[in-house]
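Student:
Residue numbers (UniProt numbering), protein chains in the order written: chain Y, 1 to 312; chain V, 1 to 312; chain B, 1 to 312; chain D, 1 to 312.
Written out as structure tokens, the structure reads:
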């Protein structure tokens, strides 16, 4: 496919164009910590099968990873309970906005997939069971540091506190699931852990590092350490493709053609199986809540590299 | 990857196992023509990039392709109106059963994607516009014969007549869309064409032939004829992956990991980009309305070939 | 309560005020025949227990009774099949707009009550069964003429034809119910009878005459002829109160406090049990599709007469 | 209508028959305090315009009034904020079960009426605003004691605690409304007051006393004290009629024909305007969650007294 110098050039080109574009989407405004972030920023990092990093723009600026964290909590929960997880959460696209409660009423409190809010809360609850909130959160944070090979990764406590103070919709989702027995722990504990892992701050470089195992059959290239089985890596990728961008997942697959997961902080991770792990970030969002420039950048990257999983 | 003798063997193995399995799903019973088909049958055909065919079981038995036809009508409609099609139909997973009308009420009569019934009816309406029903149907049939390189392909008129006689739910969907202006032609004309293209009878071998262009960047291997652009082939594959199996699309992606489209007649086509086009058939369906053994056969095929688009 | 001269005066006062008011609502525009009607018109007729008529304004102008007809088709259908009717239609408020199809999907094709469109179509189907459409329509028309004691009442064929030409939403509802077996006759026959009885043209005076039996325990005062049992009259009144004004039924009960039924032509009939039958008409509608001035006129009438069923 | 001796006899007859009947419905089981109550009990109390009480069966046994309390909190909230209340809650039947959250999503967090759970929680929040929970609860309790003229009325703390411990669905509703700004106070405070007023324990005699003002134009007969204006009394009655029995309100109007409000503890109050206030109690519920024998008893009472508001 592409040789290294090409990929560096592509990444530089994309960052240059993204930093210049006038259309930047709308920054999330529901908490002040996110509303304050400048939409002028754009970062990108791509790590290939040899571990070589191509990065550009604000690739080292930490941002709130928000829902991107859900890929990693899903991985942890599958590691903890295996396929029993699928009794607590489905794996079908929702056909609804990320915070819809309607689907829960229709389906007995079982969320449709691990990437809508309700599903991610249920996944967090699985990780929490048998632990204190502090322990569960520590486990998640250690996992992120291990994957990214960077012990400096931390939680933005101000973001977590803000989310907790205003997160009535998530409290509704959690209580609703609790009424069906889908949540086992006290709602405030589960939500506490959830808000904190969403408030982890990471850079594009760190996220692309963390996502490497998904691009390489569950194994971290260079170190050779196995994180999950090849089959599990494929399956997590499949769920990212069908459910990773809320009610814009079909459009993302159509335009970009890579498994990916977005967060309301403007970050997106994407996976080109066998080729590279990718993270992009730009705080402005489109109507579906996904990074506006992040999606466009990924579309350009795939066009120039031919990495679409749907054909050359 | 795999060499030819291996693929032949794999296909033989799968057919052998599928013909023996006791669990066969439930044959569709809503019209007598489908209810009569024996669930004991199983066929498979795989065509690789060189045009070599590996086929086994009831691979030459014709069956009612039903919703599998929707991939080809989508291709035709995109050829006719291009991206203007997306004003009439979305491309997001529905999160609902194939014949749900609820989503239409919520979204002003615009169906969520081209593969649920409402969306496929809207696509048929696009093909019909400017033509008489007979002409539109002729165009669809000629396209199928061209793609499969087989002029013997025909419509099972008894199936079409039966569907038309009992298709009140589809008539509801079509009239509902018509009330929002999403359907342009007289409802009975659009439905007439729709029922007839769903009633096309084809074998696994013929379907795998017809799907070749999707596996090979829009080009038919061996002849080198271009059917669609590479980008359009990728995009159709993306829609198949996110929406191809109704409310079981997420599960199909999770288990099989290939773009595909199923029909209530028990057929499924699947696409391994760059590698092969595939058709399987077994009339017994699972709870989501997809071929029970067809899905299991594809899961086995992908496991043995490593063709998952989500990684090795 | 009120003596005759008082009631005459009240009715005159109301008509005078209603004809002068500047706020007149919006005339229905979905067919040209209704869109053409002048919103300047207002009529009222009140018939007391002695058969004395107080009428004012455009009380003799015929208008399209539309959904007001549903009270009388319900009466006919109950006369034909009795309580077996309730297997085909419910009697709960719908909590949805008059033409919603969502509820039908949730409840297996059984409409919530006889006064939403789907329910009235199901009721029409009951009347039609065993008859030709022409016969069923003749029976409905004869019943209206008998109740109003006026053989001049007729159907506005232009309205019926217009409704039929554009009634795709109703065709969707009917086909949807047919798919569940709730509709027995060919959909086009049932809809034909439905559109025609909705297109009956009557004046306020005629409608108030027709509604007398509901105000007087099932018996027409003056003639003493029994139309239904006292219990059935009460029950029809109960359904009018809970379901008579689509998704504005609660508000109508709250403001007016009488059983009533409105139509999109701007007519409303209301019943003060033991006291009077009432018809008002003004073509301008409010947001819920009920006559704007008609509702206000009834509110004034109840205030001045003390006829609310909910207390003095 | 009826003379006193007749009414006494009717009430005795009904109690006798109800105590003997084999069909008793199903006692609510979601908290142990309600599950323990014997379904063998039946009580009835009727208070006429002169203040004479006809009572029979377990008419003095206290029971958990549950949702019957919602009539009285609605009265208090209207007294506090008047028609501004209708910005926080609607007054249309819901067309859904009592604890549905779907409607809230469709209508921006505004509950459909004050008698479904979400609406009653919003009403409680209005009463709470500007007060401490203890004060608000004290006000509600004093109001009940005043209306029933009985200072012995109290709250069953075990019931309140049990509800609070298991009330995740209500917590979901409250948090959901809070996310739309419909709830002003801390969710746990509002729910605390809500659970406690639902846990008030009263007998049929006490409830019939408390409901007198609704039957008599807002005035307590015998004392002549005005509780609300006549218009407000009528309007509360109207809301009881259209919304008082969850998704069984239409059926209650159809069968009984009186404004009423039921509770899951098996109590129902009903109002015959100008004639009597009524309370019945039997713990076994029907499928819609209303007292099975309570509804049948009211049907008998109305048949023998001719008190239906829908005609003689």
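All residues carry an ideal CB built from backbone N, CA and C; glycine is no exception.
For residue 138/D, is the classification buried or exposed, using 16 other Cβ atoms within 10 angstroms of its Cβ as the cut-off for buried?
Tutor: Flag for residue 138/D reads exposed.
Student: Contact criterion: CB-CB distance below 9 angstroms. Does residue 203/V meet it with respect to chain B?
Tutor: So, not an interface residue.
Student: At a Cβ threshold of 9 angstroms, is residue 51/V touching chain Y?
Tutor: By this cut-off, residue 51/V is not an interface position.
Student: On the premise that residue 147/Y lies in contact with residue 209/Y, defined as a C-beta separation below 8 angstroms, what is that separation, rounded to the nearest angstrom?
Tutor: Between residue 147/Y and residue 209/Y the Cβ distance is about 7 angstroms, and since that is below 8 angstroms, they are a contact.
Student: Taking DSSP's pairing of strands, which residues face residue 285/Y in a bridge?
Tutor: BP columns for residue 285/Y point to 26/Y and 291/Y.
Student: Are the CB atoms of residue 257/D and residue 234/B nearer to each other than 9 angstroms?
Tutor: Yes, the Cβ-Cβ distance between residue 257/D and residue 234/B is below 9 angstroms.
Student: May I have a chain-ordered list of the alpha helix (DSSP H) segments no shorter than 4 residues that lie completely inside the region 152-227 of chain B?
Tutor: Qualifying alpha helix (DSSP H) stretches, in chain order: 157-166, 168-179, 187-198, 204-210 and 212-215.
Student: So, is residue 217/V buried or exposed, given that buried needs 16 or more other C-beta atoms within 10 angstroms?
Tutor: By the neighbour-count rule (16 or more Cβ atoms within 10 Å), residue 217/V is buried.
Student: Measuring CB to CB, does residue 27/B end up less than 9 angstroms from residue 283/B?
Tutor: Closer than 9 angstroms, so yes.
Student: Run through DSSP, which three-state label would residue 89/V get?
Tutor: Residue state, collapsed to three classes: coil.
Student: Can you pull the DSSP bridge partners for residue 267/V?
Tutor: Per DSSP, 281/V.
Student: Out of 163/D, 20/D, 260/D and 56/D, which one is the CA nearest neighbour of residue 8/D?
Tutor: Measuring from the Cα of residue 8/D, the nearest candidate turns out to be 56/D.
Student: Considering only C-alpha positions, which residue in the set 58/B, 19/B and 120/B is nearest to residue 261/B?
Tutor: Measuring from the Cα of residue 261/B, the nearest candidate turns out to be 120/B.
Student: If you reduce the DSSP assignment to three classes, tell me which class residue 3/B lands in.
Tutor: Confidence in residue 3/B is poor, its pLDDT being 49 and thus under 50, which makes the residue's placement unreliable; the coordinate value appears in the next sentence. Reduced to three states, the DSSP call for residue 3/B is coil.
Student: Could you tell me whether the Cβ atoms of residue 191/D and residue 167/D are closer together than 9 angstroms?
Tutor: Cβ atoms of residue 191/D and residue 167/D: closer than 9 angstroms.
Student: Mind listing which residues of the region 153-177 of chain V have their C-beta closer than 7 angstroms to chain B's C-betas, in chain order?
Tutor: Within the region 153-177 of chain V, the residues whose Cβ lies closer than 7 angstroms to some Cβ of chain B are 168, 169, 171, 172, 175 and 176, listed in chain order.
Student: Listing by chain order, which chain D residues have their CB less than 9 angstroms from the CB of residue 102/Y?
Tutor: Within 9 angstroms Cβ-Cβ: 101, 102, 105 and 106.
Student: Any beta carbon of chain D sitting closer than 9 angstroms to that of residue 264/Y?
Tutor: Residue 264/Y does not count as touching chain D.
Student: Rounded to whole angstroms, what is the Cα-Cα separation between residue 267/D and residue 114/D?
Tutor: Going from the Cα of residue 267/D to the Cα of residue 114/D covers about 18 angstroms.
Student: Quick check: what's the CA-CA separation for residue 15/D versus residue 303/D?
Tutor: Spanning the two alpha carbons is a distance of roughly 15 angstroms.
Student: At a Cβ cut of 7 angstroms, what residues of the region 239-259 of chain B count as close to chain D, listed as they run along the chain?
Tutor: Listed in sequence order: 239, 241, 242, 243, 247, 249, 250, 251, 253, 254, 257 and 259.
Student: If we cut at 9 angstroms on Cβ distances, does residue 12/V have a partner in chain Y?
Tutor: So no, residue 12/V is outside the interface.
Student: For a cutoff of 9 angstroms on Cβ pairs, would you count residue 189/Y as touching chain V?
Tutor: Judged by the 9 angstroms Cβ criterion, residue 189/Y is not in contact with chain V.
Student: May I have the straight-line CA-CA distance separating residue 223/Y from residue 150/Y, to the nearest angstrom?
Tutor: Computed Cα separation, rounded: 14 angstroms.
Student: To which residues does DSSP link residue 46/D through a beta bridge?
Tutor: Bridge partners of residue 46/D: 54/D and 278/D.
Student: Using beta carbons (cut-off 9 angstroms, strictly below), is residue 214/B in contact with chain D?
Tutor: Taking Cβ atoms only, chain D reaches closer than 9 angstroms to residue 214/B, which makes this a yes.
Student: Give a yes or no on whether the minimum CB-CB distance between residue 311/Y and chain V is below 9 angstroms.
Tutor: Chain V contact via Cβ: present.
Student: From the beta carbon of residue 117/Y, is the nearest beta carbon of chain V less than 9 angstroms away?
Tutor: Not closer than 9 angstroms to any Cβ of chain V, the Cβ of residue 117/Y fails to qualify, so no.
Student: At the level of alpha carbons, what is the spacing between residue 69/V and residue 200/V?
Tutor: Rounded to the nearest angstrom, the two C-alpha atoms are 8 angstroms apart.
Student: Tell me, please, whether the CB atom of residue 129/B is closer than 9 angstroms to any CB atom in chain V?
Tutor: No, because no Cβ of chain V sits closer than 9 angstroms to the Cβ of residue 129/B.
Student: From the DSSP secondary-structure annotation, give me the bridge partner or partners of residue 261/Y.
Tutor: DSSP output for residue 261/Y lists 269/Y as bridge partner(s).
Student: For residue 124/B, report the span of its alpha helix (DSSP H) as first-last.
Tutor: Taken as a continuous stretch (DSSP letters only), the alpha helix (DSSP H) holding residue 124/B covers 117-128.
Student: Taking C-beta pairs closer than 9 angstroms, name the residues in chain B that residue 179/V reaches, listed in chain order.
Tutor: Result: 99, 166, 167, 168, 169, 170, 171 and 172.
Student: Which value, in whole angstroms, describes the spacing of the CA atoms of residue 29/D and residue 35/D?
Tutor: Straight-line Cα distance between these residues: approximately 4 angstroms.
Student: Going by CA-CA distance only, name the one from 182/Y, 143/Y, 109/Y and 73/Y that's closest to residue 236/Y.
Tutor: Ranking the options by Cα distance to residue 236/Y, first place goes to 73/Y.
Student: Do you know offhand how far residue 275/Y's Cα is from residue 202/Y's?
Tutor: Between residue 275/Y and residue 202/Y, the C-alpha separation is close to 22 angstroms.
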